[in-house]
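In UniProt numbering, the protein residues as written are 1 to 997. For every residue, glycine included, the Cβ atom is placed at its ideal position computed from N, Cα and C.
Pasting the structure below:
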């Protein structure tokens, strides 16, 4: 596949915009438009500006369609992508692809336009003219309510070159340029395409495109060179001028300390850039001189914060050795530099801002007098350009006039940034949000929450029902696959939430809480209607163990019409949640409600019955036996000296006694998993305990516990003792060896290296949470084959053991697992016994308008059922790849007869930045793996993508690549090409002709 973008002709752009808007009310797939109100107008560079925000020089201002999409959604200040003498193929050869990674903080390894400079100029001029007519045609605002700001680099010689000099002159006044004249003439010749734009409007389009410039220089550029460039652009060219400044002005120590304290200690950067770049003591007098020069010429001058912050590639983030950091981690550095300069110049130095600006901080930035503000990272995330609407609305202000930068306001922003949850790094690395499957050519819409759930719970469906207050119906959906709504609604590990697309907005939908809301409000009405199924299955089943896995197995078997007896060795159902998990996590009353479901469906529960012999059950006529006996063997950690207590045993006694245990004043828990967190929290609540400490060999970032478990432990006062390896316990002291983190391995996990340093931790009791083991001896005694680790050998698709008709599920299968994994195992065994699937895949098609209204809108966590309204209904519409593509190269197509939209990739609009790969829920890159439209046969030859090139649109003749074979296909002829792909191709040619070059 070629990574060279092909600019779209002006005529095709006009046709695309007008046709798409008439047909679907969208422009380049943007569903909502921002309509500017003149009462919020500002003035800069002597020109009107409807909003002081827009896209930064980068992926969103490289092509005409990018600028159009940004304008439609609220951008009015456009920092055009930087031009330099190196361009086109020469530059492309220097940029490794993919070049963008923006899952959390953002990284990139590209720096200026990949087009040839004359091409870039044409893109900007086309965009200028299109925005003028769009403003009038779509009532978006005034035809002169936006501004373009050109960015040039990287040295004076290059800026003075004929290529760049012509660019500067033409952008300053394009009236004599061929592209400006031809675009205006096209509009005049096709004025009938418009409803509101008149011939007079077209004739009055100004040719003075840019009167401001932002200077971008490379790292290490001498201050004398920077000043010469500025003087040239100010005195020779007459531009209002900004100079990009780098956070390296803050000094290495400040940057390193700030990043470490905010959780970005893993970012690697040396001090050489700080030494080579512009120094603060050189910058201040230079800026002072340039301010004076501009003032004498009645030109505006300022700095643009920020340029770039280079960091080392350490974990294969991008295919380069160095990359540029932006987004949430850059903000505290950039805004600190803004505050420092504001104080230095007493607010008189104008500051144009970029560097981690987003919806959450934009209002404060602008109110501090720092504007215009341009953004990039936030637009690279799901929601894409439509995030601009919230940003534009956030900065609306009547009678806004620049009166200087607030020294106090900017410093307050800098202080707040270092502790803001929107900018501090999460305690633990983000889990992978990819599903272990490849994206299909058709029907790729997918709810990643459902795909990430071990039981494939129909999450968007029950969330929609909860949002409508239909709790009983939500319970019907939930319990079709999950018989423990209260337990899983309270303590489920909720892998679904780690996959939620909302993670890329602000926080995931609190899916687990919504399940509990459904259970609390719908349980009573639902359970009244539950009746035991008639016995229709031959044989009968015995389930041994009344924990989550056993309860699930019994539930599904009985619902399927089989006679089921559940044997539980204690006097109550619930397993670990009942007997081990502390009351501060969930109540016995909630567990009772889940247990009551077993009786409601007709399961015969035999309490206080311990089963030792499987054959005895078979002899009693049980044709199937499911063993759900957990992992009861305590985990052991031997110290050189001193005795320890097992975490499960401690938690069990803690619950039995309500914390009335004698374990001393100082308790240490060894381990880093969820059980360790529970034990440490329970110890803190135990009578007489003053300190509860958690000892682990690595740091919190590398603990296996869920982040929320870590946070709850910290909130409860548990003291984390990181990088310590326990050695011995004696005389109330746990002696530990200090460890240090080693290098990253390929998985991103850091090893640990032992040091000679010793540290002591007060400890009257040491609790060990290092995992429990399966009952190997029980299996062997019952003739069940085990592997070398003592675990039962089972069929992975059925959980059946070497003993026919005997199954192992839950913790007893592979060791301690999650509750929902136990439910999955129980259901899997039940389905193997019954011989069919025992659940239904629900689908409730969400309202399209409702979905699109939610996309791009950041929203805080809600209470009650309103939280469910944050769901993006990905099972109905998943268009992440469409939203995050700056170039609009992934498009959504409505194919007649297909309920959901289909996604195709347009090759000629793509530069292989790779951003869509980051946000596709599949383990795939849409730009490489979705069905692709090529501009022609030659482009198809340069690619390995499956797709098509239209050879004859009128007769629907295409060159197609499918399953690795390339062939010519004509509509109506017999072919191996699936009907769905045939329909997709026909739809593109018939309904989307503006896609075709």
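Checklist entry - DSSP three-state call for residue 948: helix, strand or coil? => result Here residue 948 refers to the residue found at position 948 of the chain shown. Secondary structure of residue 948 (DSSP, three-state): strand.
Item to check | Beta-carbon proximity of residue 434 to residue 922, cut-off 9 angstroms | outcome: In the chain shown, the residue the question calls residue 434 occupies position 434. In the chain shown, the residue the question calls residue 922 occupies position 922. For residue 434 and residue 922, yes; Cβs fall inside 9 angstroms.
Next on the checklist: Is it the case that the segment 89-104 contacts the segment 896-908, given that we only count it when at least three CB pairs across the two stretches are under 8 angstroms?
Outcome noted: Counting Cβ pairs under 8 angstroms, fewer than three are found: no touch.
Checklist entry - When the distance is taken between beta carbons, is residue 57 closer than 9 angstroms to residue 1038? => result The requested residue 1038 does not occur in the structure, where the chain is confined to residues 1 to 997.
Checklist entry - If you count every other CB in all the chains shown that lies within 10 Å of the CB of residue 552, and 16 or more means buried, which is it? => result In the chain shown, counting from the first residue as 1, residue 552 sits at position 552. Counting the other Cβ atoms within 10 Å of the Cβ of residue 552 gives 16 or more, which makes it buried.
Checklist entry - Among 278, 503, 308, which one has its Cα closest to the Cα of residue 382? => result Along the chain shown, read from residue 1 onward, the residue named residue 382 stands at position 382. It is 503 whose Cα lies nearest to the Cα of residue 382.
Checklist entry - With distances taken between CB atoms, is the gap from residue 510 to residue 869 smaller than 9 angstroms? => result In the chain shown, the residue the question calls residue 510 occupies position 510. In the chain shown, the residue the question calls residue 869 occupies position 869. Residue 510 places its beta carbon 9 angstroms or farther from that of residue 869.
Checklist entry - For the segment 752-768 against the segment 612-625, are there 3 or more C-beta pairs whose distance is under 8 angstroms? => result In short, these stretches do not touch, since the Cβ pair count stays below three.
Checklist entry - Are the Cβ atoms of residue 357 and residue 405 separated by less than 9 angstroms? => result Stepping through the chain shown from its first residue, residue 357 is reached at position 357. Stepping through the chain shown from its first residue, residue 405 is reached at position 405. No. Outside cutoff.
Checklist entry - When you compare only the Cα positions, how much space is there between residue 839 and residue 474? => result Against the chain shown, residue 839 aligns to sequence position 839. Against the chain shown, residue 474 aligns to sequence position 474. Rounded to the nearest whole angstrom, the C-alpha separation of residue 839 and residue 474 is 15 angstroms.
Next on the checklist: My parser needs the beta strand (DSSP E) runs of 3 or more residues fully inside the segment 275-314; what are they?
Outcome noted: For secondary structure counted as the beta strand (DSSP E) over 3 or more consecutive residues, the segment 275-314 holds these complete runs in sequence order: 301-305, 309-312.
Item to check | N-terminal and C-terminal residue of the alpha helix (DSSP H) that residue 21 is part of | outcome: On the chain shown, position 21 is the one that residue 21 refers to. First-last of the alpha helix (DSSP H) with residue 21: 10-24.
Next on the checklist: Taking 9 angstroms as the threshold (C-beta atoms), are residue 389 and residue 856 in contact?
Outcome noted: Reading the chain shown from its first residue, position 856 is the one you call residue 856. Reading the chain shown from its first residue, position 389 is the one you call residue 389. Taking 9 angstroms as the Cβ cut-off, residue 856 and residue 389 qualify as a contacting pair.
Checklist entry - Fully enclosed by the segment 324-387, which alpha helix (DSSP H) runs are 4 residues long or longer? => result List check, alpha helix (DSSP H) in window: 331-344, 362-367.
Item to check | residue 728 classed as buried or exposed, judged by whether at least 16 other C-beta atoms fall within 10 angstroms | outcome: Locating residue 728 in the chain shown gives position 728, where the first residue counts as 1. A residue is called buried when at least 16 other Cβ atoms come within 10 angstroms of its Cβ; residue 728 does not meet this threshold and is exposed.
Item to check | the segment 291-302 contacting the segment 370-385, beta-carbon criterion three pairs below 8 angstroms | outcome: The segment 291-302 and the segment 370-385 do not touch, with fewer than 3 CB-CB distances between them shorter than 8 angstroms.
Item to check | CB of residue 750 within 9 angstroms of CB of residue 713, strictly | outcome: Along the chain shown, read from residue 1 onward, the residue named residue 750 stands at position 750. Along the chain shown, read from residue 1 onward, the residue named residue 713 stands at position 713. Not in contact: residue 750 and residue 713 (Cβ atoms no closer than 9 angstroms).
Checklist entry - Relative to the alpha-carbon of residue 465, which residue among 836, 842, 354 has its alpha-carbon at the smallest distance? => result The sequence position of residue 465 within the chain shown is 465, counting from 1. Checking every option, the nearest Cα to that of residue 465 belongs to 842.
Checklist entry - Among the residues of its own chain, which have a CB less than 6 angstroms from the CB of residue 505, if the five just before and after it don't count? => result Walking along the chain shown from the start, residue 505 turns up at place 505. Once the five neighbours on either side are set aside, the close Cβ partners of residue 505 are 858.
Checklist entry - Quick one: what does DSSP say residue 186 is sitting in, helix, strand or coil? => result The residue given as residue 186 occupies position 186 in the chain shown. Here DSSP, grouped into helix, strand and coil, assigns residue 186 to helix.
Item to check | Helix, strand or coil at residue 585 [DSSP, three-state] | outcome: Locating residue 585 in the chain shown gives position 585, counting from the first residue. Taken through DSSP and simplified to helix, strand or coil, residue 585 comes out as coil.
Checklist entry - Out of curiosity, what's the CA-to-CA distance linking residue 579 and residue 649? => result Start at 1 with the first residue of the chain shown, and residue 579 comes out as number 579. Start at 1 with the first residue of the chain shown, and residue 649 comes out as number 649. Whole-angstrom Cα-Cα distance: 10 angstroms.
Checklist entry - Under the DSSP definition of a beta bridge, which residues are partnered with residue 684? => result Here the question's residue 684 lines up with position 684 in the chain shown. BP columns for residue 684 are empty, so no partner.
Item to check | Identity of the residues DSSP links to residue 740 by a beta bridge | outcome: By one-based count along the chain shown, residue 740 stands at place 740. Paired residues: 753.
Next on the checklist: Distance check for residue 111 and residue 298, CA to CA, integer angstroms please.
Outcome noted: Position 298 of the chain shown, counted from the start, is the residue given in the question as residue 298. Position 111 of the chain shown, counted from the start, is the residue given in the question as residue 111. Their backbone Cα atoms lie some 31 angstroms apart in a straight line.
Item to check | Buried versus exposed call for residue 588 [16 or more other C-beta atoms within 10 Å across all chains shown] | outcome: Along the chain shown, one-based indexing puts residue 588 at 588. In this structure residue 588 is exposed. Its beta-carbon is surrounded by fewer than 16 other beta-carbon atoms within 10 angstroms.
Checklist entry - Taking the runs of the beta strand (DSSP E) that are 3 residues or longer, which of them lie wholly in the segment 519-590? => result Fully enclosed beta strand (DSSP E) runs of 3 or longer: 540-544, 563-567.
Checklist entry - What is the DSSP secondary structure of residue 667, reduced to helix, strand or coil? => result On the chain shown, position 667 is the one that residue 667 refers to. It is a strand residue.
Next on the checklist: Between the segment 647-664 and the segment 700-715, can you find at least three pairs of beta-carbon atoms closer than 8 angstroms?
Outcome noted: In short, these stretches do not touch, since the Cβ pair count stays below three.
Item to check | Buried versus exposed, by CB contacts within 10 Å (16 or more), residue 35 | outcome: Looking up residue 35 in the chain shown gives position 35. Under this definition residue 35 is an exposed residue.
Item to check | Residue closest to residue 272, alpha-carbon to alpha-carbon, out of 779, 251, 993 | outcome: Taking the chain shown and counting its residues from 1, one reaches residue 272 at position 272. Closest by C-alpha distance to residue 272, out of 779, 251, 993, is 251.
Next on the checklist: Using 8 angstroms for Cβ pairs, my map puts residue 302 next to residue 256. What's the rounded Cβ distance?
Outcome noted: Looking up residue 302 in the chain shown gives position 302. Looking up residue 256 in the chain shown gives position 256. Incorrect: roughly 28 angstroms between the Cβ atoms, too far for contact.
Checklist entry - Since residue 147 sits in a beta bridge, which residues does DSSP pair it with? => result Position 147 of the chain shown, counted from the start, is the residue given in the question as residue 147. Paired residue(s): 77.
Checklist entry - Considering only the beta carbon of each residue, do residue 517 and residue 558 sit closer than 9 angstroms? => result Walking along the chain shown from the start, residue 517 turns up at place 517. Walking along the chain shown from the start, residue 558 turns up at place 558. Contact: no.
Item to check | Other residues of its chain near residue 436: CB distance less than 8 angstroms, five sequence neighbours each side excluded | outcome: Position 436 of the chain shown, counted from the start, is the residue given in the question as residue 436. In its chain, beyond the 5 residues on either side, 923 have a beta carbon closer than 8 angstroms to the beta carbon of residue 436.
Checklist entry - So, do the segment 107-121 and the segment 14-24 have three or more beta carbon pairs nearer to each other than 8 angstroms? => result These segments do not touch.
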